[in-house]
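Chemist: This is the structure, below, for whatever I ask next.
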Amino acid sequence: MPLPETLLSQFSIVFMDPPYTRAGQLLFLKRAMTAIIPDPRSALFLCASRLYLTPSDLRCITKSATSGGFELKRHMRDFNSYQALPDIAEDLRRQNSPNCSYLKSDLFEFRPNRLHALGSIEEPDHYKIYDYSQHGSD
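Here it is, written out as C-alpha cells:
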C-alpha cells in the first residue's frame, strides 16, 4: 500500500529502522523515497543490521536507493546498539554471535541527487517483511 497522497514529498528528513529483512528494508525505503522532498538538502537515514542482512542484501538496498535517484553519503557501522529481546537473543545464540545480549545496526545516509525514479525500485513482497528465515547467508 502506498503512502497517502498528503504525505508525498512532504518531509526533508526521514529516519527509518525497518525490519532487518531485504523485503522490509526495500518496502520502507521505497515509501520513504516518496515521502521526501526531492531536494539535495533532504536526507534519508536507514538502519540495517549486518547480523540479519547479507552483503548481497545491503548491496541490493544501496543499489535500489541509487537507482531511485539517491546517493549514499555515509555508512556508519554499528551506529545503533539495542538490548536484544529474548527471542532475538536466542536467535543470535543459534547464529553463534559473539554477543547475544545486544543487536547492532549500521546507519546509511542517502541524499537525493536527481528526480525520483521509483518505478525502477523492486516492490518487495509485503508478506515477507518479517521473514527472517533467509538471514545470515549470502
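Sequential numbering of the sequence shown, starting at 15, is according to the numbering used here.
Virtual Cβ for every residue (Gly too), placed ideally from N, Cα, C.
1. What do you get for I50, buried or exposed, if any count of 16 or more other CB atoms within 10 angstroms of its CB means buried?
2. Does the Cβ-Cβ distance between I75 and A57 come in under 8 angstroms?
3. Consult DSSP for Q39 and reduce its assignment to one of helix, strand or coil.
4. Compare the Cα-Cα distances from S115 to each of D71, V28, L43, E104 and report the closest residue.
5. Quick one: which unbroken beta strand (DSSP E) runs of 3-plus residues sit fully inside the segment 48 to 86? Chain order, please.
6. Ordered along the chain, which non-local residues of its own chain (more than five positions away) have a Cβ less than 6 angstroms from that of F42?
7. Identify which residue in P69, L67, L117 has its Cα closest to the Cα of L99.
8. Can you tell me whether DSSP reads D120 as helix, strand or coil?
9. Can you give the Cα-Cα distance for K72 and I27, rounded to whole angstroms?
10. Given a cut-off of 8 angstroms on the beta-carbon distance, is the pair L121 and F59 in contact?
11. If distances are taken between C-alpha atoms only, which option among D92, N94, R45, M15 comes closest to L22?
12. Would you mind reading off the limits of the beta strand (DSSP E) that contains S30?
13. Using alpha carbons as the reference points, say which of R107, H89, T48 lies closest to G82.
14. With 16 as the cutoff for other CB atoms within 10 Å, does Q109 come out buried or exposed?
Modeler: Taking the coordinates as given:
1. buried
2. no
3. helix
4. E104
5. 57 to 62
6. M30, P32
7. L117
8. strand
9. Strictly speaking, residue 72 in this sequence is Leu, with Lys absent from that position. Between L72 and I27, the C-alpha separation is close to 21 angstroms.
10. yes
11. R45
12. According to the sequence as given, residue 30 is Met; it is not Ser. From DSSP, the beta strand (DSSP E) with M30 extends over 27 to 30.
13. T48
14. exposed
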